[in-house]
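In this note's numbering, the protein residues as written are -4 to 391.
Using N, Cα and C, we set each Cβ at its ideal position, and we do this for glycine too.
Please read all numbers here as calculations on a predicted model, not as lab measurements.
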Amino acid sequence: MLVNNQKKFKLFLKSWPSHSKVSHRNFSRKPILWTKDKPKLVTTMKESRRFMVDCLKALGTKQEYAETVAENLLEADYRGHYSHGMNRLGRYINEVQKGLACPNADPVVEIDHPAAAVVNGNNGFGAVVGKFSMNIAIEKAKNIGLGIVVSRNSNHYGIAGMYALQAIKKDLIGFSCTNTSPLMVPTRAKQSALGTNPISLGVAGIDDDSFMLDYATTAVAIGKLEIQRRKGLPLPKGWALNEEGKTETDPVKAIKAVRLLPLGGEERTGGPKGFGLGMLVEIFCGILSGGDYGPTIRPWNNPKSPANLSHCFMAINPCGFTSGVELRMSKLMNMIRDMEPANPKLPVLVHGDVERNHMKKVAKDGGLLYVKNQHDTNEKLAKTLKVSPMKSKPLG
-4 MLVNNQKKFK
6 LFLKSWPSHS
16 KVSHRNFSRK
26 PILWTKDKPK
36 LVTTMKESRR
46 FMVDCLKALG
56 TKQEYAETVA
66 ENLLEADYRG
76 HYSHGMNRLG
86 RYINEVQKGL
96 ACPNADPVVE
106 IDHPAAAVVN
116 GNNGFGAVVG
126 KFSMNIAIEK
136 AKNIGLGIVV
146 SRNSNHYGIA
156 GMYALQAIKK
166 DLIGFSCTNT
176 SPLMVPTRAK
186 QSALGTNPIS
196 LGVAGIDDDS
206 FMLDYATTAV
216 AIGKLEIQRR
226 KGLPLPKGWA
236 LNEEGKTETD
246 PVKAIKAVRL
256 LPLGGEERTG
266 GPKGFGLGML
276 VEIFCGILSG
286 GDYGPTIRPW
296 NNPKSPANLS
306 HCFMAINPCG
316 FTSGVELRMS
326 KLMNMIRDME
336 PANPKLPVLV
346 HGDVERNHMK
356 KVAKDGGLLY
366 VKNQHDTNEK
376 LAKTLKVSPM
386 KSKPLG
């Protein structure tokens, strides 16, 4: 049954938590810390998934789609991308409650070719559209060696790496990217025109090793600013601009302005490269799909219309090129890892290693360590949606 209690929901949505440690410096509100009297709590993966599924089902979402979205958010937390995990659940729920997203919409193929397809997401959950679209790309790659699918009329689809991983599990190379609401300020401009437009490439090595590239084409994703705000920390220079087009270190002002710098920062430090990558993503997503693109996409703050985001998914069968790709990939990654580090305390890593280390930590801890604010928010969310609260236990 659809829950319609906007006032209560908006009150606790404003204090949606981050995951990382906090600082004593504060720009917006005093962060809540774990203390000796209130030890850290660990939540099993199973329980975290259960809670998110229950919340989504309380909106009327069918079981299959609730599980797909929950798995997507859980994978982000599991890999250490807390800004894109349970942290995003509140925004998803809010969009459904406002009628801006359709929880049970089925994506459909509108154009189909042997190696390519166009999918209409029908304003459904981005995770559902993404999984559906990558499965089509995978099937095409299995049949003829390559599959490219572009999707439009979708919503936030989680971490881009989720879909590259989906292809890796089928012994394929996976690529994914998406456009977003305008957040990036093009080099020499004062206002945002492109999204954070993240990209991901996943290539398997041997023994479950893999190269997993996954990052925004802006200096940081918007979620990083939200985390800094909730932690009470300033922004490093080179992340964002204010409404006057000047460098901004106050996260509250930066979020209000929604003007992120491209990957590379200012023009003199390589910003045009990040700007160019953002354009590349926009071409693959908004332009090719026939969906909204660049400044035509709705604003990030206070949206009043559906997102109509677009995505691109590619699956490539490495067997069509040469033999031993996995072994060659592992050798390359290990050669890089074995390089002498500039700082002996900081070993050289390849993309995906940080996530694997976090996954090992989750296994060691017996689950996920959400901050106290997240637990407090979840309790309010459980009451609002009338679902069983998320159960956790003290760490150790």
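Would the beta-carbon of residue i fall within 8 Å of that of residue j?
i           : j           : result
residue 72  : residue 363 : yes
residue 388 : residue 37  : yes
residue 174 : residue 292 : yes
residue 142 : residue 135 : yes
residue 354 : residue 199 : no
residue 279 : residue 128 : no
residue 83  : residue 68  : yes
residue 187 : residue 197 : no
residue 51  : residue 300 : no
residue 342 : residue 176 : no
residue 112 : residue 104 : yes
So, with DSSP's three-state summary, where would you put residue i?
i           : result
residue 19  : Caution is warranted here: a pLDDT of 29 is assigned to residue 19, below 50, making its placement in the model unreliable, and the coordinate value is therefore given only provisionally. Here residue 19 sits in coil by DSSP.
residue 224 : helix
residue 238 : coil
residue 36  : strand
residue 199 : strand
residue 331 : helix
residue 172 : strand
residue 353 : helix
residue 455 : Within the shown structure, residues of the chain are numbered from -4 to 391, placing residue 455 beyond reach of any answer.
residue 274 : helix
residue 303 : coil
residue 179 : strand
residue 219 : helix
residue 149 : strand
residue 388 : strand
Can you tell me whether residue i is buried or exposed? The criterion is at least 16 other CB atoms within 10 Å of its CB, across all chains shown.
i           : result
residue 108 : exposed
residue 183 : exposed
residue 74  : buried
residue 179 : buried
residue 314 : exposed
residue 239 : exposed
residue 381 : exposed
residue 263 : exposed
residue 277 : buried
residue 190 : buried
residue 296 : exposed
residue 20  : Summary for residue 20: the model assigns pLDDT 31, below 50, so the residue's position carries little reliability, and this model does not support an answer.
For residue i, write down the residues that DSSP places opposite it in a beta bridge.
i           : result
residue 111 : 143
residue 243 : 235
residue 103 : 115
residue 257 : 213
residue 207 : 197
residue 189 : 179
residue 363 : 38
residue 378 : Bridge partners of residue 378: none, in fact.
Within the present structure, is the beta-carbon of residue i separated from the nearest heavy atom of the ligand NAP by less than 7 Å?
i           : result
residue 192 : The ligand NAP is not part of the structure shown, which contains no ligands of any sort.
Any beta-carbon of chain C closer than 8 Å to the one on residue i?
i           : result
residue 336 : Any reference to chain C falls outside this structure, which holds one protein chain only.
Please identify the residue among the options whose C-alpha is closest to the C-alpha of residue i.
i           : options       : result
residue 213 : 256, 373, 229 : 256
residue 305 : 171, 216, 349 : 171
residue 217 : 376, 241, 192 : 192
residue 321 : 260, 201, 59  : 201
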